[in-house]
Structures are given as structure tokens and as C-alpha cells.
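Reminder that position 23 of the sequence shown reads as 23 in UniProt numbering, one-by-one numbering, no gaps.
In this text, a Cβ means the ideal position worked out from N, Cα and C, and glycines have one as well.
Just so you know, these numbers come straight off a predicted model, no measurement behind them.
Have a look at the structure below, then the notes.
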Amino acid sequence: MHTTWSTQDRALAAPQLHTMAAYYPDKPDAEHSEQARSFLRALGRLYPCSYCAADFREVMEESPPRVGSREDLSLWLCEMHNRVNDKLGKPIFKCTLSELDRRWRKGGPECYEQ
1 MHTTWSTQDR ALAAPQLHTM AAYYPDKPDA EHSEQARSFL RALGRLYPCS
51 YCAADFREVM EESPPRVGSR EDLSLWLCEM HNRVNDKLGK PIFKCTLSEL
101 DRRWRKGGPE CYEQ
């Protein structure tokens, strides 16, 4: 299946993923960890850009999602995003939790306090 999806459309996915990681629990329970893994596996199948989805599945085989903590998931996503950016000749992001939080964790405490 080949899907036509614009660059602008594809760019909408990254902010959603990074924001989800920014609000992921610091200490997720087993169910939350499995849900994160399942979500990312599903993304690798359901992403509307077929060649992007195939590439994402390949990357996840090489470097499985790290879902042990908010920091693990945030850094993993940043590293995966940088792999894509490198392929596309786009700028590489600084993958530190403080930088990622500054960029993506913008909601008030009610968004992430449990």
C-alpha cells in the first residue's frame, strides 16, 4: 500500500509523540509500559505514510522502545526522530530531558501530576 501524505501532514505526528512522552509517567506500572509499547507498534502499522511506517518498524527492531520511565521514552523518541532528520538532511535535536521538557512539557501540573 502506498499512501500519499504531505510533508506537512507527516510533521504533525512528531509533536504529538514528543508531547505524549513528556507526560508519560516517571515510574510507569507494567500496564502503562505495555500500552506504550503497543501504541508504538500500532503506529508502525497504522501510520498513513507507508514507507515511513515501514522505516519506523525497522528502527524499532534495531532499537526497541524504551518505556521504563518518562526520561527513557522521551530520549528514545528524540533519538529516533534524529535518525529520521539525519536521513532527510534536517537539523538534529539536542536529546536531553531538560531540553525536551522545555520544548514539549508545556501544560500545567494538572496535566502530569497523578
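Nearest-angstrom Cβ-Cβ length linking Asn-85 and Cys-95, presumed shorter than 8 Å:
If you number the sequence shown from 1, residue 85 lands on position 85. If you number the sequence shown from 1, residue 95 lands on position 95. The beta-carbon distance between Asn-85 and Cys-95, rounded to whole angstroms, is 11 Å. This is too long to meet the 8 Å contact definition.
Here's a check: name, in chain order, each residue in its chain whose Cβ is nearer than 7 Å to the Cβ of Thr-19, leaving out the five neighbours to either side.
Counting from 1 along the sequence shown, the entry for residue 19 is found at position 19. If you ignore the 5 residues before and after Thr-19, its C-beta comes within less than 7 Å of the C-beta of Trp-104, all in its own chain and listed in chain order.
Arg-57: which of Leu-88, Pro-15, Leu-43, Asp-72 sits nearest, CA to CA?
The residue given as residue 57 occupies position 57 in the sequence shown. Checked all of Leu-88, Pro-15, Leu-43, Asp-72; the closest Cα to Arg-57 is Leu-43.
Roughly how many angstroms lie between the CA atoms of His-32 and Arg-102, to the nearest whole one?
What you label residue 32 is simply residue 32 of the sequence shown in a count that begins at 1. What you label residue 102 is simply residue 102 of the sequence shown in a count that begins at 1. The alpha-carbon atoms of His-32 and Arg-102 are separated by roughly 24 Å.
If you reduce the DSSP assignment to three classes, tell me which class Thr-19 lands in.
Residue numbering aside, residue 19 sits at position 19 when the sequence shown is read from its first letter. In the structure shown, Thr-19 adopts helical secondary structure according to DSSP, grouped into three states.
Rounded to the nearest angstrom, what separates Tyr-47 and Leu-40 at their Cα positions?
Sequence index remark: in the sequence shown, residue 47 carries index 47 (1-based). Sequence index remark: in the sequence shown, residue 40 carries index 40 (1-based). For Tyr-47 and Leu-40, the distance between alpha carbons rounds to 10 Å.
Under DSSP, the alpha helix (DSSP H) around Asp-26 begins and ends at which residues?
By one-based count along the sequence shown, residue 26 stands at place 26. That residue, Asp-26, is in no alpha helix (DSSP H); it is neither H nor E in DSSP.
Can you give me the start and stop residues for the alpha helix (DSSP H) that Tyr-51 sits inside?
What you label residue 51 is simply residue 51 of the sequence shown in a count that begins at 1. 50-62 is the extent of the alpha helix (DSSP H) around Tyr-51.
Nonlocal neighbours in the same chain, by C-beta distance under 7 Å from Leu-17, ignoring five residues either side
Along the sequence shown, read from residue 1 onward, the residue named residue 17 stands at position 17. Within the same chain, and ignoring the five residues on either side of Leu-17 in sequence, the residues whose Cβ sits closer than 7 Å to its Cβ are Leu-77.
Taking the alpha-carbon of Ala-36 as reference, which of Asp-55, Tyr-51, Pro-64 has the nearest alpha-carbon?
Counted from its first residue, the sequence shown places residue 36 at position 36. Relative to Ala-36, the option among Asp-55, Tyr-51, Pro-64 whose CA is nearest is Pro-64.
Looking only at its own chain, which residues have a Cβ that is under 8 Å from the Cβ of Ile-92, when we skip the five neighbours before and after it?
As a position in the sequence shown, residue 92 is number 92, starting the count at 1. Cβ within range, chain order: Asn-82, Asn-85, Asp-86.
Val-84 by DSSP, collapsed to three states: which one?
Numbered from its first residue, the sequence shown carries residue 84 at position 84. Correct three-state label for Val-84: helix.
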